């Protein structure tokens, strides 16, 4: 019950923040023409035969913040610096008022831990859904983006 209440409060906060933003900052600004940072609010891990469970982003090696620059075709864990984990954006598509970004990661060399990922960013609100899948596992995450 606490998790549900905590999630509800977090979603209310995100909704309130998005609803009080000036119209010029939410009306289609999340179309990939400007860099953005997305905050991961909730993450879920699903493993075949075990089902799904809500986890902290760090539990599935997911950064709390995703710095996205569609023009440079990068998603990274920090705005800048050598320590930032970087993933190239391999596909970009816009439809139904969503910006869809896709890529794939090999993971650690010599380990079968590669996965494909997709980000769906709502162009009018900046809300984001991330999904990643690999060998019999999937991660979903929900969050919100802002421009920087």
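Numbering (this note's numbering), first residue to last: 132 to 279.
We treat Cβ as the ideally placed atom computed from N, Cα and C, and that holds for glycine.
This one's a predicted model, so the numbers in the text were calculated from it and none came from an experiment.
Query	Result
Selected residue, minimal CA-CA separation from residue 178, among 274, 271, 267	267
Pairwise C-alpha distance: residue 231 and residue 248	10 Å
Segment contact flag, the region 165 to 175 with the region 194 to 206, C-beta cutoff 8 Å, min 3 pairs	yes
Nearest candidate by alpha-carbon position, reference residue 276, set 197, 243, 224	197
Uninterrupted beta strand (DSSP E) stretches inside the region 198 to 266 (no shorter than 3 residues)	205 to 207, 217 to 219, 222 to 226, 229 to 236, 246 to 253, 258 to 265
Cβ neighbours of residue 194 in the same chain (closer than 6 Å, five flanking residues each side left out)	208
Opposing strand residues paired with residue 284 [DSSP bridges]	Past the boundaries of the shown model lies residue 284; the chain is included only from 132 to 279, so the question cannot be answered.
Boundaries (first-last residue) of the beta strand (DSSP E) holding residue 189	Note, residue 189: premise wrong, no beta strand (DSSP E); not H, not E.
Same chain, Cβ closer than 8 Å to residue 190, five either side skipped, listed in chain order	174, 176
Beta-ladder partner(s) of residue 280, from DSSP	The structure shown has nothing for residue 280, since the chain only spans 132 to 279.
Rounded C-alpha distance that separates residue 237 from residue 188	19 Å
Identity of the residues DSSP links to residue 196 by a beta bridge	170
Straight-line gap, residue 184 to residue 262 (C-alpha atoms, nearest Å)	14 Å
Between the CA atoms of residue 222 and residue 243 - distance to the nearest angstrom	23 Å
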